[in-house]
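Data block below; observations after.
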Amino acid sequence: MSVVRSLAIIGGIVAVLGIALPRLAPAGGAGMGLAEAAAQTRNVLPTAPADTARVRAFLSSVRGASPLVCGLAGRVVEGRHGWSRIQPSLGGSAGGGDAADLARWAMRGRFDASVVEPLARALTDPGPCVRAMAARLLGRTESAEAVARLQSALNHADAETRKVGALGLGIAESEDAVPPLVRALEDRDAGVRATAAWALGEIEDRAAVMPLVSIMRDADRSVRLNAVYALGEIEDPRANEPLARALAADRDPEVRRAAAWALGNLD
Numbered sequence: 021m022s023v024v025r026s027l028a029i030i031g032g033i034v035a036v037l038g039i040a041l042p043r044l045a046p047a048g049g050a051g052m053g054l055a056e057a058a059a060q061t062r063n064v065l066p067t068a069p070a071d072t073a074r075v076r077a078f079l080s081s082v083r084g085a086s087p088l089v090c091g092l093a094g095r096v097v098e099g100r101h102g103w104s105r106i107q108p109s110l111g112g113s114a115g116g117g118d119a120a121d122l123a124r125w126a127m128r129g130r131f132d133a134s135v136v137e138p139l140a141r142a143l144t145d146p147g148p149c150v151r152a153m154a155a156r157l158l159g160r161t162e163s164a165e166a167v168a169r170l171q172s173a174l175n176h177a178d179a180e181t182r183k184v185g186a187l188g189l190g191i192a193e194s195e196d197a198v199p200p201l202v203r204a205l206e207d208r209d210a211g212v213r214a215t216a217a218w219a220l221g222e223i224e225d226r227a228a229v230m231p232l233v234s235i236m237r238d239a240d241r242s243v244r245l246n247a248v249y250a251l252g253e254i255e256d257p258r259a260n261e262p263l264a265r266a267l268a269a270d271r272d273p274e275v276r277r278a279a280a281w282a283l284g285n286l287d
């Protein structure tokens, strides 16, 4: 991927987020701002009226994206304007097209039913950022069919597909997803367990409290951290004692800090 195309994608995303970045200078040349870089690639992909066409264009634009670009694009798709405390660990990349227009479309969060099938297929795409964006967009549709396809992804043989399935369910915030996400807390892959814990915190269903407490001694730090934050989001008093134990005894300082935050959130 060319430097200009990478800059264009970043420029389109940050334009939507309203982030101020310094002008960048390509090697051996005068300074080129993100706006100029984006302008050079404008109209590489047509903006088609159908949501299915925009799905293909948007997913193509993030194929091969760096983790930074994928993370920025993910913030746009989720409709958030700041960096979250926790992002499930997903990799990523960038392509071409009118990045700003595609990002605004993705941020809109209102899609016709035709997008569910192509997005569900993309959950098994070889590109990590494509999978992550497909899961986020499916979650934003908030349709019963999208939730069902994301739940199905939790049973996939590939751990990365299971992980993005949990990610999408957290964005959908569907209470129907609580039982399969609770089961995913026992997944053999730590990334799946951590993302399922994050998703349960987004849904904030009290049925998840004791299952989350049960993984607070997980060997993986990210699982414990996401479980602690999820309990803080749910705000159930049953988590008080387990969080106090984590604050006093967890071997990781970030988990202890998270436990302090969560305990404050319970008050």
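Each residue of the sequence shown is one higher than the one before, starting from 21 at the first, in my numbering.
We put the beta carbon where it would ideally sit given N, CA and C, even for glycine.
Quick caveat, the model's predicted, so the values are computed rather than measured.
Contact belief for residue i with residue j at Cβ below 8 Å, rounded distance in angstroms
i      : j      : result
Pro148 : Glu98  : Not a contact, Cβ separation roughly 17 Å.
Leu139 : Gly185 : The pair is not a contact, with the Cβ atoms about 12 Å apart (cut-off 8 Å).
Ser163 : Val136 : 6 Å
Val9   : Met153 : No information on residue 9 is available, as it lies outside the stretch 21 to 287 that the chain covers here.
Collapsed DSSP secondary structure at residue i in the structure displayed
i      : result
Pro231 : helix
Gly190 : helix
Leu88  : helix
Leu220 : helix
Glu206 : coil
Glu98  : coil
Glu255 : coil
Ala239 : coil
Gln60  : Because the pLDDT of Gln60 is 41, which lies under 50, any placement of that residue in the model is unreliable, and the question is left without a value.
Arg74  : helix
Arg271 : coil
Arg83  : coil
Where residue i falls, given that 16 or more other Cβ within 10 Å makes a residue buried
i      : result
Ala173 : buried
Gly252 : buried
Ala239 : exposed
Leu157 : buried
Ala269 : exposed
Ala197 : buried
Ala155 : buried
Asp256 : buried
Arg271 : exposed
Gly94  : buried
Leu92  : buried
Asp289 : Not covered by the structure: residue 289. The range shown for the chain is 21 to 287.
Same chain only: Cβ atoms within 6 Å of residue i, ignoring 5 sequence neighbours per side
i      : result
Pro200 : Gln171 and Leu174
Ala280 : Leu267
Ala59  : Here the model assigns Ala59 a pLDDT of 43, short of 50, so the residue's position is not dependable, and the following value carries that caveat. There are no such residues.
Ala282 : Val248, Leu251, Gly252 and Leu263
Gly159 : Gly188, Ile191 and Ala192
Thr161 : Phe131
Glu165 : Val136
Ala15  : What is shown of the chain runs 21 to 287, which leaves residue 15 out entirely.
Ser194 : Val167
Arg258 : Val229
Proximal residues to residue i (C-beta, below 7 Å), its chain only, five neighbours per side dropped
i      : result
Val275 : Arg241, Arg244, Leu245, Val248 and Ala266
Ile254 : Gly221, Glu224, Arg226, Ala228 and Val229
Asp71  : Phe131, Asp132, Ser134 and Val135
Leu205 : Arg213, Ala216, Ala217, Pro231 and Ile235
Arg169 : Val136, Ala140 and Leu158
Spatial neighbours of residue i in its chain, beta-carbon cut-off 8 Å, leaving aside the 5 residues before and after
i      : result
Glu151 : What sits at residue 151 in the sequence shown is Arg, not Glu. For Arg151, where only same-chain residues beyond five positions count, the Cβ hits under 8 Å are Leu110, Ala142, Leu143, Thr144, Asp145, Glu180, Thr181 and Val184.
Arg76  : Pro138
Asn260 : Leu283 and Leu286
Arg237 : Arg244
Q. Which ranges does the alpha helix (DSSP H) cover as unbroken runs of at least 4 residues, wholly within the region 125-204, from first to last along the chain?
A. 136-142, 148-161, 164-173, 179-192 and 198-204
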